[in-house]
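Report on the following structure.
Residue numbers (the working numbering), protein chains in the order written: chain U, 1 to 194; chain V, 195 to 282.
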C-alpha cells in the first residue's frame with residue numbers, strides 16, 4: 001500500500017514473524033499474500049459506504065443490516081472480508097449518536113472501513129472516546145445537541161461495529177452511488193456526521 | 195442455557211488476572227446491564243495458553259456516571275461470562 005517502509009525495523013520484524021509462522025506450519029506464504037492482497041486492494045470505506053447507501057435507499061435492507069450485519073455484508077459481496085467476526089451495525093437517530101472504539105487495540109471491520117487511521121490506534125483516542133466522547137467528537141467537528149444520547153461501542157471482543165449514519169436532508173432524489181459518495185470513513189466510525 | 199439474559203444486572207469482576215485478558219480495567223467492579231447475548235466464543239484468557247474454553251459473551255451497557263463519576267453517555271462492551279457476576 002505504501003512505499004519506502006522496507007528499511008524500517010518494523011518491516012524486518014514482520015518478515016521474521018512471517019518466516020516463523022511459515023516454518024511452524026501455521027500459515028503458508030501464499031495464504032499470507034492472499035490476506036495482504038485482500039486487505040490492501042479490496043478493504044475500503046467505499047464498501048461500508050455502499051452498505052449505508054443501500055440501507056438509506058431500501059428500508060428492508062436496513063432492517064436486515066441491523067438484524068444480521070454479516071448477512072447484509074455478504075449480500076453486497078463483502079462476505080469473505082467480514083468472515084471471522086460478528087458484524088453489528090449501530091444506527092444513528094436524531095436522538096442517539098454512536099461511536100466506535102477499540103480500547104484494547106484497534107479492531108474495526110477493515111474490509112468495510114479500510115485500514116484504520118493512525119488516530120484510531122492512538123492511546124489518546126482509545127482512552128478518551130470512552131471517557132469523554134462529546135469532547136472528542138467536538139474536536140472532530142461534530143457538535144451534537146445537548147440532548148443527544150451518545151453510545152460508545154468498545155470492540156474488545158469478536159464483535160466489529162459499523163455506524164449507520166443519519167441520511168443527509170434532501171438526499172431522497174439521489175441514487176445509491178451518489179448517496180454512497182456522501183459517506184466517509186469517519187462517518188462509519190462515528191467521528192463524523194456521515 | 196446462558197447464565198445471564200438481556201436485562202440482567204451484572205458486575206464486572208474486579209480481580210486483576212495474572213495473564214492476558216480482554217476485560218479492560220476501566221469496567222472492573224462496575225455494574226451494567228446485559229443488552230444482548232452475542233455468541234459463544236473461546237475465552238481469550240485461556241486461548242492465549244492454548245486452551246479452548248468457549249463461553250457465552252454478552253454485550254453489557256455501562257452508564258458513564260458509574261464508570262467515571264460523571265458523564266451522560268453509555269459505554270457498551272462485550273463481556274465473556276466468567277468476567278461477570280450477578281449484581282443486586
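Glycine included, every Cβ here is placed at the ideal spot set by N, Cα and C.
Rounded to the nearest whole angstrom, the C-alpha separation of residue 178/U and residue 166/U is 15 Å. DSSP places residue 232/V in the strand class (E or B) of the three-state scheme.
For residue 55/U, the enclosing alpha helix (DSSP H) covers residues 45 to 57. For residue 261/V, the enclosing alpha helix (DSSP H) has its first and last residue at 258 to 262. Proximity to residue 150/U across 156/U, 158/U and 138/U peaks at 138/U, based on C-alpha coordinates. Going by beta carbons, residue 163/U and residue 101/U fall outside the 8 Å limit.
Counting C-beta pairs closer than 8 Å gives fewer than three between the region 122 to 137 of chain U and the region 234 to 245 of chain V, which falls short of the contact rule. Beta-bridge annotation (DSSP): residue 169/U is not paired with any residue. The DSSP assignment places complete alpha helix (DSSP H) segments of no fewer than 4 residues inside the region 196 to 252 of chain V at 238 to 241, in order along the chain.
By the Cβ-count criterion, residue 272/V is buried, with 16 or more other Cβ atoms from all chains shown falling within 10 Å of its own Cβ.
Contact annotation: residue 45/U and residue 188/U have beta-carbon atoms nearer than 8 Å. With respect to the 8 Å criterion, residue 176/U and residue 54/U are classified as neighbours on the basis of their beta carbons. Of all residues in the region 212 to 230 of chain V, only 216, 218 and 220 come within less than 7 Å of chain U when Cβ atoms are compared, listed by chain position. Contact check for residue 279/V and residue 219/V: beta-carbon distance about 17 Å, past the 8 Å limit, so the pair fails to qualify. C-alpha of residue 170/U to C-alpha of residue 160/U: approximately 30 Å in a straight line.
Distances from the CA of residue 245/V to each of 254/V, 195/V, 252/V and 235/V were compared; the closest alpha carbon is that of 235/V. Shown here, residue 254/V sits in a strand according to DSSP, grouped into three states.
Sequence-distant partners of residue 230/V (beyond 5 residues in either direction) whose C-beta falls short of 8 Å from its own C-beta, in its chain, are 200, 252 and 253. Non-local C-beta neighbours of residue 214/V in its own chain, meaning closer than 7 Å and more than five positions away in sequence, comprise 238, 239 and 242, ordered along the chain.
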